[in-house]
Amino acid sequence: MTSVRENIAQIEQKIGGKAKLIAVTKTKPIPLLQEAYDADCRDFGENRVQEMAEKQPQLPADIRWHQIGHLQTNKVKYIAPFVALIHSVDSLSLLKEINKQAAKHGRVIDCLLQVFIAEEDTKFGLSPDEARVLVQSQELEALTNVRVVGLMGLATSTDNETQVQQEFRGLKQLYDELALVKRANVTFSELSMGMSGDYELAIAEGSTMVRVGSAIFGSRL
Ligand SMILES: *Cc1c(COP(=O)(O)O)cnc(C)c1O
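Taken in order, the sequence shown gives residues 292 to 512; the numbers are from our numbering.
Okay, here's the thing in structure tokens:
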């Protein structure tokens with residue numbers, strides 16, 4: 292068994308400075324998160340609000356917490372005080388709630404729009420057209436406590452590398468298109484794509500953030 296530190300070093304070597312590593316810590320206990328922290332990881336991703344809110348106060352304050360899983364409107368308030376980036380925004384109503392909760396804490400919360408790119412119907416996200424409409428909507432422009440900084444997507448879970456590559460490539464094209472939109476609170480700089488099984492493919496297609504869990508911490512049961 293390799294250690295968390297060794298796994299992180301190996302992955303960082305493969306990333307080669309081209310993308311930021313988000314250590315996906317869902318279901319993992321605090322001591323393992325501390326090991327990742329001690330190996331210089333500062334970006335942690337969780338998919339459940341309650342779990343993130345429980346772990347956050349138990350760990351150093353300079354960790355940037357990333358919400359990567361589906362976010363229900365009524366749960367935004369639990370992470371609004373500290374969350375660094377919400378990767379999984381899939382509606383205007385969710386953005387409105389994030390804006391409201393961010394304002395309560397005097398914050399501007401960075402968000403990514405999750406776009407559906409996989410050939411699976413279990414995954415959340417906007418269609419490319421829905422993302423286009425949302426990014427250019429006047430309603431979004433009025434939300435001064437959120438900033439849309441890019442896109443996130445999950446490729447199909449398959450051994451077919453060509454398919455995964457095409458899905459990532461499509462998301463990058465949409466990213467490049469929407470990056471041209473001029474809005475005060477739309478400033479594209481992040482493309483979150485790639486997980487343990489496909490982060491190298493994602494980086495080759497232009498990912499700036501990879502979300503890696505099992506390759507660091509071992510499989511989740
Ligand atoms: C769990 C999860 C990951 C990490 O998955 P691994 O295959 O363990 O690397 C990445 N992104 C999202 C949205 C997840 O829910």
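Glycine included, C-beta positions come from ideal geometry on N, C-alpha and C.
Nothing here was measured: the structure is a model prediction, and the numbers come from that model.
I think residue i touches residue j, with their Cβ atoms under 8 Å apart; what is that distance to the nearest whole Å?
i: R502; j: S483; result: 7 Å
i: Q405; j: S379; result: 5 Å
i: E458; j: T447; result: 6 Å
i: A323; j: F335; result: Looking at the sequence provided, one finds Leu at residue 323 rather than Ala. L323 to F335, Cβ: 11 Å. No contact.
i: L403; j: V440; result: 6 Å
i: D401; j: L376; result: 5 Å
i: L350; j: I321; result: 7 Å
Give the single residue among the options whose Cα lies nearest to the Cα of residue i.
i: I370; options: S384, D381 and R355; result: R355
i: A475; options: Q429, E410, E421 and L417; result: Q429
i: E337; options: G360, L323 and T447; result: G360
i: R438; options: L425, A446, V295 and D450; result: L425
i: S487; options: G509, L471, F415 and K368; result: G509
i: T316; options: Q392, R296 and K346; result: K346
i: A409; options: V380, Q392 and Q456; result: Q456
i: K541; options: D450, G308, V367 and R423; result: Lying outside 292 to 512, the shown extent of the chain, residue 541 is not represented and no answer is given.
i: D412; options: L445, L362 and D401; result: L445
i: L362; options: K463, Q349, P348 and E342; result: E342
i: A330; options: R296, P348 and L442; result: R296
i: A422; options: L512, D467 and N451; result: D467
i: Q427; options: A470, P322, T447 and F373; result: A470
i: R460; options: I494, Q325 and C332; result: I494
i: K309; options: E496, F407 and K391; result: E496
i: G485; options: V477, K473 and L462; result: L462
i: F373; options: V340, T364 and N365; result: V340
i: S382; options: E491, T364 and K311; result: T364
i: T453; options: A314, L442, M443 and L492; result: L492
i: T478; options: T449, L442 and R511; result: L442
i: N451; options: D489, I400, S294 and Q349; result: D489
i: G307; options: P320, P419 and T499; result: T499
i: C332; options: L312, Q349 and P348; result: L312
i: S294; options: N390, Q464, P348 and A327; result: A327
i: Q464; options: P419, N298 and I507; result: P419
i: L512; options: K319, A314, M292 and N298; result: K319
i: A314; options: M292, Q358 and A344; result: Q358
By DSSP's criteria, residue i is part of a beta bridge. Which residues make up the other side?
i: H357; result: G336 and L376
i: E421; result: DSSP, once it has assigned bridges, lists no residue as partnering E421.
i: L404; result: V380 and L442
i: I313; result: R502
i: R542; result: Shown here, the chain extends from 292 to 512; a query on residue 542 therefore has no answer.
i: M484; result: G444
i: V437; result: I400
Would residue i pass as an interface residue toward chain B - the criterion being a Cβ-Cβ separation below 7 Å?
i: L442; result: Structure shown: chain B not included; a single protein chain is present.
*Would you say the segment 484-503 touches the segment 294-312, given that touching needs at least three Cβ pairs under 8 Å?*
Taking 8 Å as the limit for Cβ pairs, the verdict is that the segment 294-312 does touch the segment 484-503.
*asked:* Could you check whether the segment 343-354 touches the segment 393-401, counting it as contact only if at least three pairs of C-beta atoms, one from each stretch, sit closer than 8 Å?
replied: Taking 8 Å as the limit for Cβ pairs, the verdict is that the segment 393-401 does not touch the segment 343-354.
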